[in-house]
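Peer 1:
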Amino acid sequence: MKRGKKYLAAVQSYDKQALYGIEEAIALVRKNTYCNFDASFEVNFSLNVDPRHADQQIRGAMVLPNGTGKSPRVLVITQGAKEQEAKDAGADFVGGKDMLEEIKGGWFGFDTIIATPDMMGELGKLGRILGPKGLMPNPKTGTVTMDLTKAVSDVKKGKVEYRVDKEGNINCLIGKKSFTDEQLVENFKALYDVILRARPAAVKGQYMKNVTVSSTMSPSVKVNHD
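Residue 139 in this note's numbering is what sits at position 135 of the sequence shown, and the numbering runs on without skipping anything.
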């Protein structure tokens, strides 16, 4: 892949093989974030897990201490009295089968779907549409629940979902360029602690092989995670 002059200059400004403390790593990423928009800051965990085994699949969600810097659009699929609860909680879109028909027709004007358990039978019929986009609600991430008030509130506050991919990696948003370094470090540490506690009992030896932070269009910086 051909890289631009700014990217190449950024790569040459530090040692890509060195391990940095998280505070220094965030500062380096910020220094080398040369885009003019509010870039996203992300962390990648390379884990010594084999997701082919059910007991080594890592998936969940958490609310970052300082949010994500995004304003997610929330769709709640429910019916009856729960529709008003979802509206009162601040959901952007609320409905039942009518909303499912909209999705079938190609509408995707939302970022997250929350559903009550009684609607999962109907929602499951859209698995081939929602699954590949990572939009299917799941109890493990708190998006299939009867407590719509808490679920909507958590998403609006800055809830992120994490899931290990087939290569054993977890990639997750920790904030924006507009955040302070302290906010980004706090978000990183909160997520790091959650991933660390999620270590499967079946994993022997080193669990975290590599941890890096980066931003939109910036090179990654390795984090000392010992």
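Glycine included, each C-beta is placed from N, C-alpha and C at the ideal position.
As the structure is a computational prediction, the values presented were derived from the model and not from experiment.
Exposed or buried, what is Lys86 when buried is set at 16 or more other beta-carbons lying within 10 Å of its beta-carbon?
Peer 2: As a first step, residue 86 is located in the sequence shown; it is residue number 82 there, counting from the start. With 16 or more Cβ atoms within 10 Å of its Cβ, Lys86 is classed as buried.
Peer 1: I need the boundaries of the beta strand (DSSP E) containing Glu171, first residue and last residue.
Peer 2: What you label residue 171 is simply residue 167 of the sequence shown in a count that begins at 1. Run containing Glu171: none; DSSP gives neither H nor E here.
Peer 1: Quick one: grab the DSSP three-state call for Lys181.
Peer 2: Translated into the one-based positions of the sequence shown, residue 181 becomes position 177. In this structure, Lys181 counts as coil in the three-state DSSP scheme.
Peer 1: Quick check: the region 121 to 138 against the region 88 to 99, are at least 3 beta-carbon pairs closer than 8 angstroms?
Peer 2: Result no; under three Cβ-Cβ pairs closer than 8 angstroms.
Peer 1: Residue range of the beta strand (DSSP E) that Ser17 falls in?
Peer 2: Taking the first residue of the sequence shown as position 1, residue 17 is located at position 13. Element bounds for Ser17: n/a, residue is neither H nor E.
Peer 1: Kindly indicate which residue of Leu177, Ala90, Ser50 and Arg201 has the alpha-carbon position closest to the one of Ser218.
Peer 2: Along the sequence shown, read from residue 1 onward, the residue named residue 218 stands at position 214. It is Leu177 whose Cα lies nearest to the Cα of Ser218.
Peer 1: For Arg63, write down the residues that DSSP places opposite it in a beta bridge.
Peer 2: For the purposes of this step, residue 63 is taken as residue 59 along the sequence shown, with counting starting at 1. Answer by DSSP bridge pairing, in chain order: Arg167.
Peer 1: Measuring alpha carbon to alpha carbon, tell me which of Arg56, Met150 and Asn191 ends up nearest Ser44.
Peer 2: For the purposes of this step, residue 44 is taken as residue 40 along the sequence shown, with counting starting at 1. Ser44 has its Cα closest to that of Asn191, out of Arg56, Met150 and Asn191.
Peer 1: Can you name the residues that DSSP bridges to Glu46?
Peer 2: In the sequence shown, counting from the first residue as 1, residue 46 sits at position 42. Partner(s): Leu177 and Ser218.
Peer 1: Write down the C-beta distance between Asp158 and Val67 rounded to the nearest angstrom, noting that I regard them as a contact closer than 8 angstroms.
Peer 2: Position 154 of the sequence shown, counted from the start, is the residue given in the question as residue 158. Position 63 of the sequence shown, counted from the start, is the residue given in the question as residue 67. That belief holds up - the Cβ atoms of Asp158 and Val67 are roughly 5 angstroms apart, short of 8 angstroms.
Peer 1: The beta strand (DSSP E) that contains Leu68, what's its start and end?
Peer 2: As a position in the sequence shown, residue 68 is number 64, starting the count at 1. Where Leu68 is concerned, there is no enclosing beta strand (DSSP E), given that its DSSP letter is neither H nor E.
Peer 1: Report the option in Gly128, Val168, Gly146 and Gly100 whose CA atom is closest to the CA atom of Arg63.
Peer 2: By 1-based counting over the sequence shown, the position of residue 63 is 59. Ranking Gly128, Val168, Gly146 and Gly100 by Cα distance to Arg63 puts Val168 first.
Peer 1: Just to confirm the assignment, what range does the alpha helix (DSSP H) spanning Gly125 have?
Peer 2: For this step, residue 125 is matched to residue 121 along the sequence shown. Per DSSP, Gly125 belongs to the alpha helix (DSSP H) from Met124 to Leu127.
Peer 1: Roughly how many angstroms lie between the CA atoms of Ser224 and Glu89, to the nearest whole one?
Peer 2: Locating residue 224 in the sequence shown gives position 220, counting from the first residue. Locating residue 89 in the sequence shown gives position 85, counting from the first residue. Looking at the two C-alpha atoms, the distance is approximately 42 angstroms.
Peer 1: Is the beta carbon of Thr72 sitting closer than 8 angstroms to the one on Gly172?
Peer 2: For the purposes of this step, residue 72 is taken as residue 68 along the sequence shown, with counting starting at 1. For the purposes of this step, residue 172 is taken as residue 168 along the sequence shown, with counting starting at 1. No.
Peer 1: Short of 8 angstroms in beta carbon distance, which residues of its chain neighbour Leu200, apart from the five on each side in sequence? Order them along the chain.
Peer 2: Counting from 1 along the sequence shown, the entry for residue 200 is found at position 196. Closer than 8 angstroms at the Cβ level, and outside the excluded window around Leu200, lie Tyr211 and Met212.
Peer 1: Using CA atoms only, rank isn't needed, just tell me which of Ala119, Pro204, Gly128 and Lys137 is closest to Gly84.
Peer 2: Mapped onto the sequence shown, residue 84 falls at position 80. Ranking Ala119, Pro204, Gly128 and Lys137 by Cα distance to Gly84 puts Ala119 first.
Peer 1: When we look at the beta-carbon of Gly162 and count the other beta-carbons within 10 Å, is it buried (16 or more) or exposed?
Peer 2: By one-based count along the sequence shown, residue 162 stands at place 158. Buried, since its Cβ has 16 or more Cβ neighbours within 10 Å.
Peer 1: With distances taken Cα to Cα, identify the nearest neighbour of Thr147 among Tyr166, Gly99, Ala205 and Ile117.
Peer 2: As a position in the sequence shown, residue 147 is number 143, starting the count at 1. It is Ile117 whose Cα lies nearest to the Cα of Thr147.
Peer 1: Measuring alpha carbon to alpha carbon, tell me which residue in Asp185, Ala155 and Lys181 is nearest Pro76.
Peer 2: In the sequence shown, the residue the question calls residue 76 occupies position 72. If we check each option's Cα against that of Pro76, Ala155 comes out closest.
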